[in-house]
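In the working numbering, the protein residues as written are -8 to 237. From the three backbone atoms N, C-alpha and C, an ideal C-beta is built for every residue, glycine too. See below for the structure under consideration.
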Amino acid sequence: MAVVSELAERWRYARCAAVRAAVPTLPVGLDHDALVALALERAPDDVLRKVFDVSRRLGASFRAYHHLDLPLNDLCDVLPRLGVPCAARSWTRVTGEAACRGERAGCRDAALHPRACAFWREAIDGLVLGMTSAVLFARHASRGAGDASCVDVLHVHPQSPSRFGPIPAHVRDELERIGRTARALDPSLAVTFLGISEGVLYYRAERDAAGDQHASTAIEPAVRRRFPRLALREISPRPVLAEAAI
């Protein structure tokens, strides 16, 4: 389809422009992969923010121009045809919910730079967010984060169980024990462990009015002692507050 080829070409150009905007001193004449690798070496955080923003704007303009708002099934058909490694996969429906899951063994891009996987995550996340009002992108695992494979999910509901990766049974058992201990020490605290994505444990902590201690103080030291390789991120139960990255 010509419209998909047009999107692929425009997205490639937009990514290069985003990288150069983030790192204006990059030399000319580099191809896409060399450009990305060098930019990530010099200013990784700026590059990731810029490629997300530029991809989101491109997706939004593409949707507005073509009067398209791709549903989940159509998006799963379009993404593998855009010529980017993370999206070149078969997407399968998740049983029991409006979501699709894609898994790959990995690709050579992880060798370009340790944060190449994050570059593609932010680019795809931004594009999907711009292209559709109904579908969200989530990354569960990546070779760049040290996982055995790369796993992404497209889901419709913002509170979908698939927005985070699964917690292995033996890890969940230990986390539940930590949660019960914290609750026994502080009855005002309720903790829900949501999932693990790319080595980050996401959790939600709620506290009644009598609580006077931040949840991270009660939970995170115990989790780190038991699982020192896990990073932690608390998701606020109040939507007016931003997530607190730990």
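| query | result |
| --- | --- |
| Would you report the Cα separation of Ala233 and Val19, rounded to the nearest angstrom? | At Ala233, the pLDDT of 36 sits below 50, so the modelled position is not reliable; the number obtained from the coordinates is stated separately. So the two alpha carbons sit approximately 39 Å from each other. |
| Provide the residue(s) that pair with Phe184 in DSSP beta bridges, ordered along the chain. | Tyr194 |
| Any chance you could list the beta strand (DSSP E) runs of at least 3 consecutive residues sitting entirely within the region 122 to 149, in chain order? | 127 to 132, 141 to 146 |
| What residue from Arg171, Val214, Ser188, His104 has the CA that sits closest to Val27's CA? | His104 |
| Given a threshold of 16 other Cβ atoms within 10 Å of its Cβ, counted over all protein chains shown, does Val75 qualify as buried or as exposed? | buried |
| Flag this pair as yes or no: are the beta carbons of Pro35 and Arg106 separated by less than 8 Å? | yes |
| How far does the alpha helix (DSSP H) with Gly50 in it reach, from first residue to last? | 35 to 57 |
| Out of Val119, Ser124, Leu145, Ala125, state which residue places its alpha-carbon closest to the alpha-carbon of His131. | Leu145 |
| How about Arg215 and Gly190: do their beta carbons lie closer than 8 Å? | no |
| Does DSSP classify Leu189 as helix, strand or coil? | Here residue 189 turns out to be Glu, not Leu, going by the sequence shown. Glu189 falls in the coil class under three-state DSSP. |
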